[in-house]
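Position 333 of the sequence shown, counted from 1, bears residue number 315 in my numbering, the numbering being contiguous throughout.
Notes follow the structure.
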Amino acid sequence: MTMLSKRLLSTFKAGDSVLIRSVVRSDRFWLTDPLKPDSTTNVQGGQKISHNDLLGLRSRSIVHSNEPGHSFIATLASTEDYINLSRRAAQPIYPFDASAIVALADLHIDYPDLESPGPPLQFFEAGTGHGSLSLAICSRLHAANCYLDKFGVRGAVLHSIDRNEAHSNVGRKTIRNFRRGIYTKDVEFHLANSPEEWLESETAMQWKQKDPDHQKGEGFLSGAFLDLPDMVPNLSSLAKNLKQDAPLVIFCPSVNQIIDVIKSIKQSHGEIKLSHIRTIQLVPGVGGGLQDWDTRYTTVRNTGEEAVVCRPRVGTRLVGGGFVGLFKKLPNQAVIKTKLLPEVGNETTIETST
């Protein structure tokens, strides 16, 4: 059997998270804990689904509870199912929003060269929270670590910090329990009160020493993501530790927070080497600015005729929303000047000295 056919015929294994959905009421569903022999998942009315019955099944199979006559569909939990239904200690960034945030960073990372692998690309996240943004970032970094297990070559790593140990532990669990821990080795979790505190820590210094650019006075981070109540106090330290042209992506509920960041950069008179690229609104919906629609065939109860339903789905919870600011790191030698143009306002010009 070829590797491709093995993947297509994959079955539930220990550690998988499975979505259990009622056959009769498709709006009723439950997420299992990672599958474990002899364990069970509680569903409607105190019924239980045995994990032994799930192990070895293919996704979208029918499974029965411990009470006769009750059938359920078992599917491998999607990222959306997994994040939205997992137990949480912090409000998550919903999966489609997290994907949109990471997409704005435009990360495209190849596998490392085994002959001369070099140091790993390093990325930074402040505000681990539920771990949903960590998961989205790791999905972009994962290909760079394809040689990690066999040859010990690490191509990329995410440093995710949080000041709250409980949140950090939940984020760690979110990564560990997703698809049998596929992204576990793509991220390092740290506790710190602020990005600045961690960037000046002994742990960070050890990671900086891995990057030869740091020895030349350059940054060591290839990108950074912030989900914090106040971004401004950490801008200067973050900017100094970013590589040239590396993205800084900030996510916040209010556009005023992005304005505060832009204002802080302007008032630094060139000390903070960041350029504002764009601001994006994530409108509420199912996340990522998406609107869920109800599209299906149905039978009209009074006439028995078949009809088509095609309309925006109502009665579902609206999630997500917020604003995303994208910034890029300027050269350390850049001289930022602001001049007043008649009838236009301020224009920022950037010059690079050599």
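Using N, Cα and C, we set each Cβ at its ideal position, and we do this for glycine too.
S81 sits buried, since 16 or more C-beta atoms from the chains shown fall within 10 Å of its C-beta. Bridge pairing for P229: K310 [DSSP]. F54 is classed as buried because its beta carbon has at least 16 other beta carbons within 10 Å across all chains shown. Look at the beta carbons and you see the stretch 225 to 233 not touching the stretch 35 to 44: under three pairs across the two are nearer than 8 Å. By the beta-carbon neighbour count (other beta carbons within 10 angstroms, threshold 16), A72 is buried. By alpha-carbon distance to S176, the top candidate from V152, V169, V214 and N159 is V214. Boundaries of the beta strand (DSSP E) harbouring S53: S53 to L58, taken from the DSSP string.
Membership of C128 in any beta strand (DSSP E) is not indicated, and neither H nor E is assigned to it by DSSP. In this structure, DSSP gives L140 an extended state, which the three-state scheme calls strand. Annotation: the stretch 176 to 238 contains the following complete segments of the beta strand (DSSP E) (minimum length 3 residues), in chain order: 203 to 208 and 229 to 234. By the 16-neighbour rule on beta-carbons within 10 angstroms, F105 is buried. If you compare the alpha carbons of G201, H196 and R69 with that of S114, the shortest gap goes to R69.
Shortest Cα-Cα distance from D79 to any of N66, V282 and K255 involves N66.
Counting only runs of 3+ residues, the beta strand (DSSP E) found wholly inside the stretch 77 to 121 occupies 103 to 108, in chain order.
For Q263, the three-state secondary structure derived from DSSP is strand. When C-beta atoms of the stretch 114 to 124 are compared with those of the stretch 146 to 161, three or more pairs fall below 8 Å, so the two segments count as touching. Taken in chain order, the complete alpha helix (DSSP H) segments of 4 or more residues contained in the stretch 0 to 71 are 33 to 36 and 61 to 67. With respect to G163, G(-3) sits close: the two C-beta atoms are nearer than 9 Å. Buried is the label assigned to D168, since at least 16 other Cβ atoms lie within 10 Å of its Cβ.
For V290, the CB contacts under 7 Å within the same chain, skipping 5 residues up- and downstream, are Y279 in chain order. Its chain contains A(-4), H33, N34 and L37 as the residues whose beta carbon lies nearer than 8 Å to that of P19, once the 5 sequence neighbours on both sides are disregarded; these appear in chain order. Residue pairing for V152: DSSP places it in no beta bridge.
Here DSSP, grouped into helix, strand and coil, assigns R278 to strand. L210 and P294 have their C-alpha atoms spaced approximately 33 Å apart. By the Cβ neighbour-count rule, G201 is buried, with 16 or more other Cβ atoms within 10 Å of its own. An exposed status is given to H251, since fewer than 16 other beta-carbon atoms sit within 10 Å of its beta-carbon.
Here the stretch 87 to 104 makes no contact with the stretch 281 to 288; the two share fewer than three CB pairs at distances below 8 Å. F171 has S142 as its beta-bridge partners, per DSSP.
The beta-carbon separation of G111 and P77, rounded to 13 Å, does not stay under the 8 Å limit for a contact. In chain order, G205, P229 and V231 place their CB closer than 7 Å to the CB of A87, counting only its own chain and leaving out the 5 sequence neighbours on each side. Assigned with DSSP and collapsed to three states, S250 falls in coil, not helix or strand. Below 8 Å, too few C-beta pairs join the stretch 240 to 260 and the stretch 144 to 153 to call them touching: fewer than three. Residue range E288 to P294 is occupied by the beta strand (DSSP E) that includes R293.
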